[in-house]
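Below is one structure, written out as structure tokens, with a few remarks after it.
Residue numbers (this note's numbering), protein chains in the order written: chain A, 1 to 308; chain H, 1001 to 1518.
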């Protein structure tokens, strides 16, 4: 098991090198001059040359990339072009807010989505089933910035229950978390339902019922556990995406997370900051995938056996 | 099994709550801010929360010139002179000034002005600050003309320019010319983390990605502000700023969307303030293009545009006709409508035919991919179609747009320019000095205009300068290398008990002078 985890962590190295190279190349190839964006509408050529030198933009592409990798290996991701602060400072000032939002959204999605899915599967074609499938359909179809604005208008502007923007404690987390979870809630509900439906028709479930087990034991112990693998996969992936910064939700709710930072960084062609953010996202995504794989083992002894 | 599900839920819960306590405490919403009354009986609120659309990049005024930065910086620092809300020069840190000769101005400093760190402001601080500004490529554009700054005595400083510069005083009102504490700036390696000025508010804290908090400076030379705590909160979406006003989360919100005006005005707890800005939007033609080099073609296009419809479509009415000049009404020498182009499609067609294009032609229009540009490009496309010009809209991100238009890859382009002095506006738009990136993206060059600009800058006779600026405006109004379309309005929404707030056309509103309640 530990060997498996170590092996997976080592695989991070080629992933990060690949990701950084691709992003670096894209940032260099896209048009637009970061110095020009830094200086605004009016500036002199001397000012342009000076800033360009300061930002180290005069070296050829490969040299700049090599320098970047060399420094990154020593833990130095450089300074941002715009604020000149270390990239790590900028990112880690905002990362906790994103983790908090993504975590709350995932919690809400699981807490509501799984029970809905289970009930839908157990009582297929019932009113509950149809209603929760409708909710799930709405959840995947609604653009979340729209849902966010609607929630703001209703619950913040009209009823004044929750604040409309910012990150000021638990209350301000509610609306963005619900908005961000809409999509994953829907996915988790549908995934739980379909996975449960498949399991519930298996012979061993019939056997369990035939043994005279209580329905709750049949559903939770025999069916749900076997249905967990696809549910965990989709929940984990959703969490990974949310950690990558829920750009739209963070913007609508003025949430100070890394999604908004990434958008600003791209607009300003702030290459070191964009690279830093993409690397952090790649690491979180990989780590989450690893955690999912480890969780599989807990739910399915057969998988555990393979990790040996 | 049960254990596993429970532990999974616990993990999710812990993740969800992780850090909730962390920064949560700092901003625990202030009860005062949610009950905007301040009327008799309740103690007046002394905390003001301002919603701004973009976070500042720095709080050091000498690094980079952006509106986002200056909207906060302007509260922390004072300058030698300032412009009031009607754009008149008023003495600030300089009590008075004498113009010794065409290139030398002597400033007499206000005595006993304290910095936030307790030091007294002297001529040394002024010299240090302006030299610091001139040494910084990000902000020095307007100050390279300064050749010497001489300390005459503790309270007198002399500024010498390499050439006569009649608009020097206006440039000294800009935030880049902020006076910083020499002692503080020299003793720290990171002045941006602990800025010290002598403005009405002192810096308290800035959470990265979060709020910026300032506090009233009790020893401010003009008297302490009744607002004791001033918070700038970044809310990028305009609708969210409106909602934050409605819920009382913020007291003032900058730059509301025109579609929200009615909502704010209808709300008895809120009010709006609007004023004309110094930002002029225009459509420009690359005169190096063989077709657009013909004056008649450019005039024909001007005749094809119905400016009122254009303003309604693009700005939702939140702008006014630019009267065929790039100068805003506040600027010295403002001369509107010296030549006018009525909306007249037939005349436009006739002019095109005269230029040799009776059947029109096709051309590109470069715009940025933001809403205002999209609306404008569609309106312009439709207007020009009427006289037979087929416009292909090329929409791109800001970086690409600035770079492409400064290299002259475009035929037509749509853009804006903000200025508070006539020289920087007219020079950026029409001078050979500023071809390309410095502002002249039409590549229109008339030696006579350059001569007049230099002469106007050199003269100490303001009537003569006004006359020269008027002559320049007459030439470009006739030649229309670019057609000024709209002067944007600036707006701010606020709680109805916020009083004394003034909008500054330069966009960086001073909070000093604002109070809550009667």
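Note that CB positions come from ideal geometry on N, CA and C, so glycine has one too. Quantities reported herein were computed from a predicted structural model and do not represent experimental measurements.
For chain A, find out if any of its Cβ atoms is closer than 9 Å to the Cβ of residue i; answer yes or no.
i	result
residue 1495 of chain H	no
residue 1395 of chain H	no
residue 1406 of chain H	yes
residue 1209 of chain H	yes
residue 1438 of chain H	yes
residue 1365 of chain H	no
residue 1058 of chain H	yes
residue 1373 of chain H	no
residue 1141 of chain H	yes
Starting from residue i, find everything on chain H with Cβ-Cβ shorter than 7 Å and list it in chain order.
i	result
residue 33 of chain A	1399, 1403
residue 156 of chain A	1243, 1247
residue 149 of chain A	1239
Let me confirm a value: residue i is counted as buried when at least 16 other C-beta atoms fall within 10 Å, else exposed. Which label applies?
i	result
residue 201 of chain A	exposed
residue 1317 of chain H	exposed
residue 214 of chain A	exposed
residue 1510 of chain H	buried
residue 1061 of chain H	buried
residue 1247 of chain H	buried
residue 224 of chain A	buried
residue 110 of chain A	buried
residue 150 of chain A	exposed
residue 71 of chain A	exposed
residue 1516 of chain H	buried
residue 1112 of chain H	exposed
residue 1484 of chain H	buried
residue 1346 of chain H	exposed
residue 1448 of chain H	exposed
residue 67 of chain A	exposed
residue 204 of chain A	exposed
Quick one: does residue i have its CB under 9 Å from some CB of chain H?
i	result
residue 300 of chain A	no
residue 84 of chain A	yes
residue 56 of chain A	no
residue 26 of chain A	no
residue 213 of chain A	no
residue 44 of chain A	yes
residue 198 of chain A	no
residue 78 of chain A	no
residue 257 of chain A	yes
residue 192 of chain A	no
residue 97 of chain A	yes
residue 89 of chain A	yes
residue 30 of chain A	yes
Closer than 8 Å by beta-carbon distance: list the chain H residues that pair up with residue i, in chain order.
i	result
residue 51 of chain A	1137, 1138
residue 269 of chain A	1399
residue 261 of chain A	1209
residue 47 of chain A	1137, 1138, 1140, 1141
On the DSSP bridge list, what partners appear for residue i?
i	result
residue 46 of chain A	Note: residue 46 of chain A sits in no beta bridge, so no partner.
residue 1109 of chain H	H:1094
residue 1101 of chain H	H:1104
residue 1230 of chain H	H:1048, H:1214
residue 1395 of chain H	H:1367
residue 1488 of chain H	H:1319
residue 1158 of chain H	H:1106, H:1150
residue 1252 of chain H	H:1050, H:1494
residue 1516 of chain H	H:1498
Identify the contact partners of residue i in chain H, using a Cβ-Cβ distance below 9 Å as the criterion.
i	result
residue 93 of chain A	1207, 1208, 1209, 1210
residue 160 of chain A	1034, 1246, 1247, 1248
Starting from residue i, find everything on chain A with Cβ-Cβ shorter than 8 Å and list it in chain order.
i	result
residue 1235 of chain H	165, 166, 254
residue 1240 of chain H	152, 164, 165, 252, 253, 254
residue 1144 of chain H	44
Anything in chain A within Cβ reach of residue i, meaning under 7 Å, just list it in chain order.
i	result
residue 1064 of chain H	38
Report the start-end ranges of each alpha helix (DSSP H) in the stretch 219-291 of chain A that is 4 residues or longer and not cut off at the edges. The qualifying runs are 225-243, 247-252, 258-267.
Minimum length 4: unbroken alpha helix (DSSP H) runs contained in the stretch 1263-1347 of chain H: As far as the stretch 1263-1347 of chain H is concerned, its whole alpha helix (DSSP H) runs of at least 4 residues are 1295-1304, 1307-1315.
In the stretch 12-82 of chain A, which residue ranges form an unbroken alpha helix (DSSP H) of at least 4 residues, counting only runs that do not cross its ends? Listed in chain order, they are 12-29, 34-39, 45-54, 61-73.
In the stretch 1409-1481 of chain H, which residue ranges form an unbroken alpha helix (DSSP H) of at least 4 residues, counting only runs that do not cross its ends? As far as the stretch 1409-1481 of chain H is concerned, its whole alpha helix (DSSP H) runs of at least 4 residues are 1422-1430, 1447-1458, 1462-1479.
Of all the beta strand (DSSP E) runs that stay within the bounds of the stretch 1161-1212 of chain H, which reach a length of 3 or more residues? Qualifying beta strand (DSSP E) stretches, in chain order: 1201-1206.
Runs of alpha helix (DSSP H) lying entirely within the stretch 77-155 of chain A, each at least 4 residues, in chain order: 87-122, 127-141, 144-151, all fully within the stretch 77-155 of chain A.
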